[in-house]
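Notes for the one structure printed next.
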Amino acid sequence: MVGNAPGVDDQSADIDAHDRVIRFNNACGLDAGRGSKLSDLVLINCGGQMKEWLSTDDFTDGSAFSRADRIVLPIPPEPGHDPETVANEDAANYAREATERFEKAGKEVLVLPPRFEAEARVITGGAPPSTGLIILHWLLTNEEPQPITCFGFGFAGWSGHDFDRERNYFRQAERRGLIRLTPPGRLRALCQP
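The structure is reproduced here in structure tokens:
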């Protein structure tokens, strides 16, 4: 898993040596110190970011999207959900629209079942979980268990996430030998928040 914490240390060889590489959103560091391999691209499908991506004609032509074998959307919509009628933009879920558009672009799309986001909210004490936490929890509880190397996780960003609880979850998984958490390296403003 390759997170979005900015860094200047080149980790390309270590990342690309893995059989499967999972990246998030704009795939920070792709071809710029964080390797070039991309198996699963996880895209947050709620709120303004997905709305922006869907309104851009060339999003599906971008490097990260084009290279991904599969697109993963971490939060399924409620039955009957219409993102255009939601008062709070952050609660608007574009999973249906994204799935339709991305499948038309030739991508396999996986929308995670609701339990993973719900269980991640328990981990964070009710705070909205980051996409990275949802995906790690999914991998550790649903996928074939194997050690996961996590690159570029700085546990900082949007103030709505409880990064202290998320860091604790990652560190507990590391102590149990389920993941290897690599330091993001010396930081600089390489990636957009």
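Per the UniProt record's numbering, residue 1 is the first one in the sequence shown, and the count goes up by one each step.
Backbone N, C-alpha and C define an ideal beta-carbon position, used for all residues, glycine too.
Every value quoted in this text rests on a predicted model; they were computed, and no experiment measured them.
Less than 8 angstroms separating the beta-carbons of residue i and residue j?
| i | j | result |
| --- | --- | --- |
| alanine 68 | aspartate 40 | yes |
| isoleucine 71 | lysine 107 | yes |
| isoleucine 22 | arginine 34 | no |
| phenylalanine 170 | histidine 137 | no |
| leucine 133 | threonine 99 | no |
| methionine 1 | isoleucine 135 | yes |
| glycine 125 | arginine 165 | yes |
| glycine 160 | alanine 120 | no |
| alanine 92 | isoleucine 75 | no |
| glycine 47 | aspartate 90 | yes |
| alanine 105 | threonine 60 | yes |
| asparagine 45 | asparagine 25 | no |
| glycine 157 | glycine 29 | no |
| valine 111 | glutamate 103 | no |
| leucine 140 | alanine 118 | no |
| leucine 54 | arginine 101 | yes |
| cysteine 150 | leucine 181 | yes |
According to DSSP, is residue i helix, strand or coil?
| i | result |
| --- | --- |
| leucine 38 | coil |
| isoleucine 148 | strand |
| arginine 176 | coil |
| valine 72 | strand |
| asparagine 142 | helix |
| asparagine 93 | strand |
| valine 122 | helix |
| aspartate 31 | coil |
| glycine 160 | coil |
| glutamate 78 | coil |
| serine 130 | coil |
| aspartate 9 | coil |
| leucine 43 | coil |
| alanine 64 | helix |
| asparagine 88 | coil |
| proline 113 | coil |
| proline 193 | Model confidence at proline 193 stands at a pLDDT of 42, short of 50, so the residue's coordinates are unreliable; what they give is reported in the following sentence. It is coil, neither helix nor strand. |
Which partner residues does residue i have in the DSSP bridge list?
| i | result |
| --- | --- |
| glutamate 108 | Arg70 |
| leucine 181 | Cys150 |
| valine 2 | Arg23, Phe151 |
Where do the N-terminal and C-terminal ends of the beta strand (DSSP E) with residue i fall, by residue?
| i | result |
| --- | --- |
| isoleucine 22 | 22-24 |
For the alpha helix (DSSP H) containing residue i, list its first residue and its last residue.
| i | result |
| --- | --- |
| aspartate 14 | 12-16 |
| leucine 54 | 48-55 |
Is the CB of residue i under 8 angstroms away from at least one CB in chain D?
| i | result |
| --- | --- |
| proline 128 | No chain D appears in the structure shown, which is made up of a single protein chain. |
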